[in-house]
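Chains as they are written, first to last, in this note's numbering: chain A, 499 to 660; chain B, 15 to 517.
Note that the Cβ used here is the ideal one computed from N, Cα and C, for glycine as well.
So the structure is just underneath, and the comments pick up after that.
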């Protein structure tokens, strides 16, 4: 367990360091002298705090890398065989399934059809795939939920639904 | 103080309407349901509701949010006692003794004991909130940009340290990532577009309610649904009304646990999950029946439940007086204030003079309603616990998205929920706590604006940070919160001290 943690820490430490370095460079490239017609000092420049924050994050990322290497962390676990093993894990499949459903719902479904219809389909598929209960109960529960959501948001709060 | 009492009575009077009391009963009952259902947490419930409060006035919004908060923290004990799974993190210490007691056939009285302890904890914290907040607000009026910036960074640091005890650096990383997220959007001082990448949706920054829903809602749905555990609900036997004489005997324990809860609540970003364990641990160490702890000690249940609900009022104190949330739930709650153009912090008492008393009145009433509902709904909650998570979680997921959309009527905010949720889920898997990130996102703009303003005021001179007494204290507190967590630094300091004293 400890070894696994160190492996993940090493991986995340590298990612964090690279990300911080990118933010550090981006902040450095932000204007420091004339912004919006005003002359500014470095401490009032827009990139000042992102620069400081990413600098500290970079140090922390490097610390994570060193700490996990000291604890025996490696990157050897990143391999195709491990990837396929992970994909076949029941838990991973369930998480990926939910993410796919939520992604389809938020990125593709909403806005393409009326809110109540998209939500109804989303809830029905979700409950069916995870075998929540009998099919007729799923349909009844989902219909009830959509009606309540619609009434609450569209009627009570008068929010124009997508 | 007398004027304070008058204002409190006035606020209580205002609360006594059919709408006010009805909403209070509804919100506490909803909170109890959220708390009792494993997988639904107090912070998630409040995050989902915060978006809705945009469409109601601030008075009702506060009733709704505080009612849910108080109810959810108390409700967690029901599932902890009956199914050995804490409904919320705040009830994690309750199950250590609550479930063994239920297995002995004392589920009813244990739920009753937890309910009354929660009520007394909330009541106690309300009293401290009422007394301490105006004093702290008055003191906080002396704060300048320097102190406000330091307070924000201290909040993130201490929250990081206390929520990631094994490796505090993970808490700090989480907080700093939150700060980075908060920098996205148009800079308030110069108008420069930071990290917007020509995306007009990012000009106003990332909606922090969406971030909160993403941080606390989506990972919860994923964590609960990744494994489908079966629940065995222990039946409630016996009366749920506990013996009042027993509670009187344990008054010292209740008061001490309440005080612990309030103090931990005041510490920025820490909250109920820590308070219940600290209180439980102290109760165990000082108890005459130490051997019963972990096997079915009523004292253990009282200590944990009093402290976690006392934390509610405690966490509201720094939120109202300093603008720094005391717990993850109050971090989310800050959104409700900001949505109604109320800025919690030192100026709150001047800009909205009644709000502190309104919150005190709501907390007082919520404590009473909690006692009534917790005892009367216990048997119904035991039945509710049998509902499959596969029914509840899809509805929660749908609520997460529509809740985020409702604030700005923006489909982009729904996407933010999912992205932040995925990030938070993986960070949680690697033991990075979400609370410091939430605090970073909320306190980021305050930190950014005040630090730069402070430096502009001093022409870049950092000396005033060390010459003003309050700022010096805060600098020392920040350094202490880092040094205290660093084993290497501690060892070096100890060795230096030994060397100095041996000469």
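Item	Value
CB contact check: residue 197 of chain B to chain A, cutoff 8 Å	yes
Under 7 Å by beta carbon: chain B residues contacting residue 631 of chain A	402 and 405
For residue 208 of chain B: DSSP bridge partner residues	B/199
Alpha-carbon to alpha-carbon, residue 327 of chain B and residue 101 of chain B	20 Å
At least 3 beta-carbon pairs within less than 8 Å: the stretch 78-93 of chain B vs the stretch 427-438 of chain B	no
The stretch 91-98 of chain B touching the stretch 37-57 of chain B, judged by at least three CB pairs closer than 8 Å	yes
Range covered by the alpha helix (DSSP H) that runs through residue 640 of chain A	633-648
Against chain A: residues of the stretch 204-229 of chain B by CB proximity under 8 Å	204, 205, 206, 208 and 209
Residue-chain proximity (residue 139 of chain B, chain A), Cβ-Cβ < 8 Å	no
Nearest-angstrom Cα separation, counted from residue 151 of chain B out to residue 462 of chain B	22 Å
C-alpha distance - residue 504 of chain A paired with residue 143 of chain B, whole-angstrom precision	43 Å
Option nearest residue 389 of chain B by Cα separation, candidates B/409, B/374 and B/123	B/123
CB contact check: residue 593 of chain A to chain B, cutoff 8 Å	yes
Residue 553 of chain A, enclosing alpha helix (DSSP H) - first and last residue	546-568
Where residue 95 of chain B falls: helix, strand or coil (DSSP)	helix
Chain A contact for residue 235 of chain B (CB, 8 Å cutoff)	yes
Contact with chain B by residue 549 of chain A, beta-carbon distance below 8 Å	no
Short CB-CB distance (under 8 Å) between residue 554 of chain A and chain B	yes
Extent of the continuous alpha helix (DSSP H) to which residue 321 of chain B belongs	312-336
Nearest residue (CA-CA) to residue 413 of chain B, options A/637, A/655 and A/643	A/643
Whole-angstrom distance between residue 324 of chain B and residue 145 of chain B, CA atom to CA atom	14 Å
Local Cβ density within 10 Å of residue 313 of chain B, reported as buried at 16 or more and exposed below that	buried
Straight-line Cα distance separating residue 399 of chain B from residue 630 of chain A	15 Å
Any C-beta of chain A under 8 Å from that of residue 339 of chain B	no
Contact with chain A by residue 153 of chain B, beta-carbon distance below 8 Å	no
Proximal residues, the stretch 569-581 of chain A versus chain B, C-beta separation under 9 Å	none
Pairwise C-alpha distance: residue 236 of chain B and residue 155 of chain B	43 Å
Spatial distance of residue 404 of chain B from residue 477 of chain B (CA atoms)	58 Å
The stretch 372-383 of chain B contacting the stretch 128-143 of chain B, beta-carbon criterion three pairs below 8 Å	yes
Short CB-CB distance (under 8 Å) between residue 240 of chain B and chain A	yes
Reduced DSSP secondary structure (H/G/I, E/B, other) of residue 576 of chain A	coil
Same chain only: Cβ atoms within 7 Å of residue 415 of chain B, ignoring 5 sequence neighbours per side	428 and 431
Cβ pair residue 636 of chain A, residue 626 of chain A closer than 8 Å	yes
Straight-line gap, residue 570 of chain A to residue 558 of chain A (C-alpha atoms, nearest Å)	18 Å
Host alpha helix (DSSP H) of residue 33 of chain B (start-end)	32-50
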